[in-house]
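This report refers to the structure that appears directly beneath it.
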Amino acid sequence: MREKSFDLFCPKCNILVETEVIANGSGGFRSDAVNPIDEIDAEYHGEIYYISLCIRCKQPFMIRKSLYGILGEFESITDETVLYPTGSKLPIEDLPPMASSAYEQALKSFSASLYEPCVLMCRKSLEVVCETLNAKGSSLYGRLESLKKNGHIDQRLLNWAHQIRAIGNEAAHNIEPEIHKEDARDALDLTEAILIYIFSLTRRFESFKSRRNEKNKN
Ligand SMILES: [Zn+2]
1324 MREKSFDLFC PKCNILVETE VIANGSGGFR SDAVNPIDEI DAEYHGEIYY
1374 ISLCIRCKQP FMIRKSLYGI LGEFESITDE TVLYPTGSKL PIEDLPPMAS
1424 SAYEQALKSF SASLYEPCVL MCRKSLEVVC ETLNAKGSSL YGRLESLKKN
1474 GHIDQRLLNW AHQIRAIGNE AAHNIEPEIH KEDARDALDL TEAILIYIFS
1524 LTRRFESFKS RRNEKNKN
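The sequence shown begins at 1324 in this note's numbering and counts up by one.
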C-alpha cells in the first residue's frame, strides 16, 4: 500500500508538519533468488519514491522508502529517508563540531518521529556545552549550575537547561519512557536557543564589540 501523507520536519515552517503525497513511483525491485524459478519464495528488495508537499507552505519533499519482503507473505519497511531537502541545515553558527553533531542528531531524530533519541541528543548537546566551557561538577546538574555561577548563562537559561536534562534522564533511565512529540519539539527548540545564546550570539557580540572599538579608535 502506498502512503498518502508523511509527517516531516519542514525547514521552512521549522516545525513537524503533515505533507501530502502528490506523486509516487517504484524505484524497481530486486530478488535474492539465484534462479528465476525461485523468485516467488525469495526475499525481494525495492524502493518506492514519493513527492509530497507541506500542507502549510507547499515546501516539496522527496522520500525514499526501502522495502523488503516475500511475495504474498510479508512486506517490511527497512528504511525511510528524506532525500530532499537534504539533512538539516543549522540556522545557528559558530557551534563547536561536537555540539553541532549532537544537535543535528536531535533534529534528525525528531524529523524521523524518534522522540526518545531526540531528547537524549538534546541532553547530550548540553553535555557538550559544559565540556566546551570547562564546567566543573560531578553530575550534569552540577555542571549546569556552574555555568550559571561562572556567568555563561542566566537563571532563565539554567531553568531551560535543567528541564532538558530532566527529560533526557527520563528517556535514558525509564524502561518505557513516554516522550511526546510536543515535549521533544520544545526540548529541541530550547536546546537550539541555548546553543545560539552561548555560541552564535556570544561570538557575534565579540566581533560587534571589536568592530565598534576599532571604529572609535579611528
Ligand atoms: Zn512548511
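Built from N, CA and C at the ideal position, the CB exists for glycine as well.
Contact set for residue i: own chain, Cβ-Cβ below 8 Å, skip 5 residues either direction
i, result
"arginine 1508", "Ile1338, Leu1339, Phe1433"
"tyrosine 1407", "Pro1383, Phe1384, Met1385"
Residue i classed as buried or exposed, judged by whether at least 16 other C-beta atoms fall within 10 angstroms
i, result
"serine 1375", "buried"
"proline 1383", "exposed"
"alanine 1495", "exposed"
"isoleucine 1476", "buried"
Neighbourhood of residue i by C-beta, 6 Å cutoff - its chain only, sequence neighbours within 5 removed
i, result
"tyrosine 1373", "Val1344, Asn1347, Ile1386"
"glutamate 1493", "Pro1500"
"threonine 1401", "Ser1389, Tyr1391"
"arginine 1379", "Cys1336, Val1340"
Whole-angstrom distance between residue j and residue i, CA atom to CA atom
i, j, result
"glutamate 1341", "methionine 1421", "31 Å"
"valine 1442", "asparagine 1536", "41 Å"
"glutamate 1515", "methionine 1324", "37 Å"
"proline 1334", "phenylalanine 1528", "26 Å"
"serine 1533", "tyrosine 1464", "34 Å"
"alanine 1425", "glycine 1474", "24 Å"
"asparagine 1455", "phenylalanine 1329", "The sequence given here has threonine at residue 1455, not asparagine. Whole-angstrom Cα-Cα distance: 37 Å."
"glutamate 1468", "serine 1349", "54 Å"
"isoleucine 1498", "cysteine 1453", "27 Å"
"valine 1357", "histidine 1368", "14 Å"
Residue closest to residue i, alpha-carbon to alpha-carbon, out of the options
i, options, result
"proline 1440", "Ile1378, Glu1416, Ile1490", "Ile1490"
"serine 1423", "Arg1353, Val1405, Lys1447", "Lys1447"
Beta carbon proximity, residue i to chain C, threshold 8 Å
i, result
"serine 1328", "Annotation note: the requested chain C is absent from the structure, which comprises a single protein chain."
Close-in-space but distant-in-sequence residues of the same chain around residue i (CB under 7 Å, 5 per side omitted)
i, result
"isoleucine 1487", "Cys1445, Arg1446, Leu1449, Ala1510, Leu1513, Thr1514"
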